Amino acid sequence: MKATKRIQKKQWRAKTTTSIKSLPHDLIVEIVAQLVSLSSTPVSDLENLQMTCKMFRTASKAKLVGQHISLEKEWSMHWWNKERYFAILNNCAAAGNLKACFILGLENVFNLESLNLGLRYLEKAMVGGHDAATYTMGILLFGDHRTRQIGMEYLNKIGVVSGGTEDSERMKFQNPYFEQCRRQ
1 MKATKRIQKK QWRAKTTTSI KSLPHDLIVE IVAQLVSLSS TPVSDLENLQ
51 MTCKMFRTAS KAKLVGQHIS LEKEWSMHWW NKERYFAILN NCAAAGNLKA
101 CFILGLENVF NLESLNLGLR YLEKAMVGGH DAATYTMGIL LFGDHRTRQI
151 GMEYLNKIGV VSGGTEDSER MKFQNPYFEQ CRRQ
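So in full-length UniProt numbering the end of the sequence shown lands on 184, straight run, no missing numbers.
Here you go:
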């Protein structure tokens, strides 16, 4: 009698519990992307998740996950493991993470003195809608008389300057954020 009840209980549990394996791959990728965007330690959490099962390991390699990794929470890694940090940045940039493209653009332009590669990363971030990348591109291009007009167009795009003049003394700041920074 007890054996019959135990078997019935197991059958009931099997019918009522849902395995994570029954979830569609896209949903698991979305869950992992949300995890790394909200986590205080996204890289560590992603590594731990990859070790749990093959399904999570596969999902964690999806492009969407790389786009959503919150890189500013991993900034300390830049100081104690620079190679690993830049490897992660390169993977995220390849996945289309705009912040990773912006950081790599700054690194290449200002630290590695690789202007062409840096401008490509900044352009990728700018095209994706990253305002700081647009501003940086505008300032870099504005500094060269051959590309000054293009730089002005980029700065106009985010509301920094208006008037279409090439005279930097007469630039008018339109964006309230930039006006506030200028006053300080």
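We treat Cβ as the ideally placed atom computed from N, Cα and C, and that holds for glycine. Here the structure is a predicted model, which means the values were calculated and not measured.
Minimum C-alpha distance to residue i - residue among the options
i, options, result
"Ala100", "Ala125, Ile158, Asp144 and Arg84", "Ala125"
"Lys73", "Asn97, Gly96, Ser39 and Ile150", "Ser39"
"Gln34", "Cys53, Ser22, Ser60 and Leu23", "Ser60"
"Lys63", "Ile150, Val29, Leu117 and His78", "Val29"
Buried or exposed (CB count within 10 angstroms, at least 16 for buried), residue i
i, result
"Asn108", "buried"
"Ala93", "buried"
"Gly143", "exposed"
"Met152", "buried"
Element boundaries [alpha helix (DSSP H), containing residue i]
i, result
"Thr136", "Asp131 to Phe142"
"Thr41", "That residue, Thr41, is in no alpha helix (DSSP H); it is neither H nor E in DSSP."
"Trp79", "Met77 to Trp80"
"Phe102", "Leu98 to Leu106"
"Phe56", "Lys54 to Ser60"
beta-carbon residue i near the ligand NAD non-hydrogen atom, thresh 7 angstroms
i, result
"Lys63", "The ligand NAD is not part of this structure, which contains no ligands at all."
Cβ shell of residue i (< 8 angstroms), same chain only, five flanking positions each side left out
i, result
"Gln184", "Confidence at Gln184 is low in this model, with a pLDDT of 46, below 50, so the placement of that residue should be treated as unreliable; the coordinate-derived value is given next. None."
"Lys21", "Met55"
Contact belief for residue i with residue j at Cβ below 8 angstroms, rounded distance in angstroms
i, j, result
"Phe110", "His130", "Contact flag wrong, Cβ pair sits at about 17 angstroms."
"Gly66", "Ala95", "3 angstroms"
"Thr134", "Ile158", "5 angstroms"
"Ser70", "Ser37", "5 angstroms"
"Tyr154", "Gly138", "4 angstroms"
Close-in-space but distant-in-sequence residues of the same chain around residue i (CB under 7 angstroms, 5 per side omitted)
i, result
"Ser114", "Asn108"
Cutoff 6 angstroms; reference residue i; Cβ partners in own chain excluding five residues on either side
i, result
"His68", "Ala33, Val36 and Ser37"
"Ser168", "Note that Ser168 has pLDDT 46, beneath the 50 cutoff, so the model's placement of it is unreliable and no number is given."
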